[in-house]
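Student: FYI, the numbering for the sequence shown is 1 to 343, going by the UniProt record's numbering.
For glycine and all other residues, C-beta sits at the position ideal for the given N, C-alpha and C.
It should be emphasised that the depicted structure is a prediction, and the values quoted were computed from it without experimental measurement.
One structure follows; several queries about it will come next.
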Amino acid sequence: MIPRRVLLAAPALVAAPARAERVVPDATGRRIAVPDRVTRVFPAGPPAAILLYTLAPDMLAGWPARPPRPAEAVFMLPEAVALPEIGRLTGRDNTANVEAVLRQRPDLVLDYGSVRPVFVSLAERVQAQTGLPTLLLDGALPKIPETYRLLGEILDRRDAAEARAAAAERILAEAVAAAEALRARGRPRVLYVRGPRGLETGVAGSINTEIIEFAGAENVAASALGAGSLVQFSMEQVFAWNPDWIIAIHPDFMATVKADRLWSSVPAVRAGRVALAPGLPFGWVDFPPAVNRLLGLMWLPVLFGLRPRAGLVEAVAEFHALFYHRRPEPAQVEALLRPALPA
Numbered sequence: 001m002i003p004r005r006v007l008l009a010a011p012a013l014v015a016a017p018a019r020a021e022r023v024v025p026d027a028t029g030r031r032i033a034v035p036d037r038v039t040r041v042f043p044a045g046p047p048a049a050i051l052l053y054t055l056a057p058d059m060l061a062g063w064p065a066r067p068p069r070p071a072e073a074v075f076m077l078p079e080a081v082a083l084p085e086i087g088r089l090t091g092r093d094n095t096a097n098v099e100a101v102l103r104q105r106p107d108l109v110l111d112y113g114s115v116r117p118v119f120v121s122l123a124e125r126v127q128a129q130t131g132l133p134t135l136l137l138d139g140a141l142p143k144i145p146e147t148y149r150l151l152g153e154i155l156d157r158r159d160a161a162e163a164r165a166a167a168a169e170r171i172l173a174e175a176v177a178a179a180e181a182l183r184a185r186g187r188p189r190v191l192y193v194r195g196p197r198g199l200e201t202g203v204a205g206s207i208n209t210e211i212i213e214f215a216g217a218e219n220v221a222a223s224a225l226g227a228g229s230l231v232q233f234s235m236e237q238v239f240a241w242n243p244d245w246i247i248a249i250h251p252d253f254m255a256t257v258k259a260d261r262l263w264s265s266v267p268a269v270r271a272g273r274v275a276l277a278p279g280l281p282f283g284w285v286d287f288p289p290a291v292n293r294l295l296g297l298m299w300l301p302v303l304f305g306l307r308p309r310a311g312l313v314e315a316v317a318e319f320h321a322l323f324y325h326r327r328p329e330p331a332q333v334e335a336l337l338r339p340a341l342p343a
């Protein structure tokens with residue numbers, strides 16, 4: 001995972017403190033005073049923005065990286081799409097500073113992802129520099145139901161949070177059962193590729209490839225390269241790994257495997273076992289690694305032949321209706337699945 005770091009370049013300004021009415025825990029065990037009524041939340045990065053959008057889009061102050069593009073916007077609420085870019089506090093492209101945060105007049109700052117000590121320190125630093133309550137929630141896949149329930153308590157959206165937590169529990173339980181069946185049958189060896197040339201991947205411990213292992217497959221890069229986050233690799237390594245499946249997230253990679261002499265000679269490519277993970281409005285495997293990955297857990301058992309395709313279109317539409325607040329047409333879902341489920 002890309003290391004998260006704060007870019008608070010402006011002088012340390014302190015917001016006028018809102019009267020704290022209650023103390024709530026975040027996922028790290030910190031107990032933080034927050035306003036009794038929260039109406040506006042600053043998401044520290046894209047994962048937090050997606051989590052907040054799925055639960056309480058009316059509280060979202062804006063988009064940390066960029067507003068949704070037209071192809072993404074058709075799957076989302078128009079009023080959320082219209083929110084401005086507000087800058088981000090985490091990741092490689094930090095653009096927010098203290099003044100940018102305070103300009104949005106949020107009641108609190110929300111971060112979502114790793115809860116390792118370095119990120120706890122980051123949250124504490126943001127809180128100290130902005131004077132705003134800063135919560136860090138656990139982004140691990142198995143924690144999604146717990147995260148929804150905790151955020152529902154904090155935002156006073158308990159019913160909405162419970163509906164999403166229950167749906168996430170069902171998806172996770174079905175994914176665990178499918179993974180057990182896959183291991184009994186024989187784990188497919190998967191190479192997950194990022195970028196148009198497909199020469200970046202995640203290794204063991206990377207939140208970017210977490211769902212590959214969760215779904216019961218073997219991440220060949222993790223087996224070969226050990227623990228870490230995102231790494232570059234070579235075509236020589238691809239041939240040595242000889243994966244059963246290649247899963248990509250960049251649409252241009254599908255053209256690369258046809259035009260590039262080396263990629264087109266990889267056995268998995270010759271056999272047609274290259275799948276493009278859907279990415280609208282958010283990625284199903286990664287990019288960003290948030291609750292949107294639940295869709296990937298619904299899709300991968302179908303890709304690996306454990307479950308029939310029948311019913312997947314409706315299941316995806318129901319997920320969109322609950323989590324993204326807009327039910328897509330069957331033709332829209334079919335278009336997402338076409339490159340994701342090669343014949």
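In the DSSP output, what is F233 paired with across the bridge?
Tutor: Per DSSP, none; premise fails for F233.
Student: What do you get for G139, buried or exposed, if any count of 16 or more other CB atoms within 10 angstroms of its CB means buried?
Tutor: G139 sits buried, since 16 or more C-beta atoms from the chains shown fall within 10 Å of its C-beta.
Student: From I247 to L276, what distance separates their C-alpha atoms?
Tutor: 6 Å
Student: How many angstroms separate the CA atom of V238 from the CA atom of P78?
Tutor: 42 Å
Student: What is the C-beta distance between I154 and V23, in whole angstroms, given that I count them as a contact (C-beta under 8 Å)?
Tutor: Not a contact, Cβ separation roughly 11 Å.
Student: Does the contact criterion of 3 or more C-beta pairs under 8 Å hold for the stretch 186-206 versus the stretch 162-176?
Tutor: no
Student: Judging by CA-CA distance, which residue of L51, D26, V34 is the nearest neighbour of N292?
Tutor: L51
Student: Tell me the residue span of the alpha helix (DSSP H) that contains E174.
Tutor: 158-185
Student: Going by the beta-carbon positions, is the gap between L191 and A221 smaller than 8 Å?
Tutor: In this structure, A221 lies closer than 8 Å to L191 by Cβ.
Student: Count the CB pairs spanning the stretch 271-289 and the stretch 39-53 that are closer than 8 Å, and state whether there are at least three.
Tutor: These segments touch.
Student: Taking 8 Å as the threshold (C-beta atoms), are T147 and Y324 in contact?
Tutor: no
Student: Take the Cβ of V118 as the centre, count every other Cβ of all protein chains shown within 10 Å, and call the residue buried at 16 or more, exposed below.
Tutor: exposed
Student: Smallest Cα separation from A315: which of L337, F304, P35?
Tutor: L337
Student: Just to confirm the assignment: which complete beta strand (DSSP E) runs, minimum length 3, are found wholly within the stretch 90-132?
Tutor: Complete beta strand (DSSP E) runs here, min 3: 108-113.
Student: Tell me whether A18 is buried or exposed, calling it buried when 16 or more other Cβ atoms sit within 10 Å of its Cβ.
Tutor: Unreliable placement is indicated for A18, whose pLDDT of 46 sits below 50; the coordinate value is still reported in the next sentence. By the neighbour-count rule (16 or more Cβ atoms within 10 Å), A18 is buried.
Student: Tell me the residue span of the beta strand (DSSP E) that contains A275.
Tutor: 274-276
Student: Near T134, which residues of its chain fall below 6 Å by C-beta distance, leaving aside the five closest residues on each side in sequence?
Tutor: V109, A123, V126, Q127
Student: How would you label Q129, buried or exposed, when you count the other beta carbons within 10 angstroms and need 16 or more for buried?
Tutor: It counts as buried.
Student: Tell me whether W284 counts as near the ligand ATP, meaning its Cβ is closer than 7 Å to at least one heavy atom of that ligand.
Tutor: The ligand ATP is not among the ligands present in this structure, which contains no ligands whatsoever.
Student: Tell me the start and end of each unbroken alpha helix (DSSP H) in the stretch 33-91 that is at least 4 residues and wholly inside, in chain order.
Tutor: 46-55, 70-73, 78-81
Student: Is the distance from the Cβ of E85 to the Cβ of W63 below 8 Å?
Tutor: yes
Student: State the CB to CB distance for the pair L297 and A215, rounded to an integer number of angstroms; the pair is presumed to be in contact (CB under 8 Å).
Tutor: Contact flag correct, Cβ pair sits at about 6 Å.
Student: In the DSSP assignment, the beta strand (DSSP E) including R189 goes from what residue to what residue?
Tutor: Where R189 is concerned, the enclosing beta strand (DSSP E) stretches over 189-193.
Student: Helix, strand or coil for P25? Go by DSSP, reduced to three states.
Tutor: strand
Student: Between D111 and G311, what straight-line distance do the alpha-carbon atoms span, to the nearest angstrom?
Tutor: 34 Å
Student: Give the secondary structure of E329 by DSSP, where H, G and I count as helix, E and B as strand, and everything else as coil.
Tutor: coil
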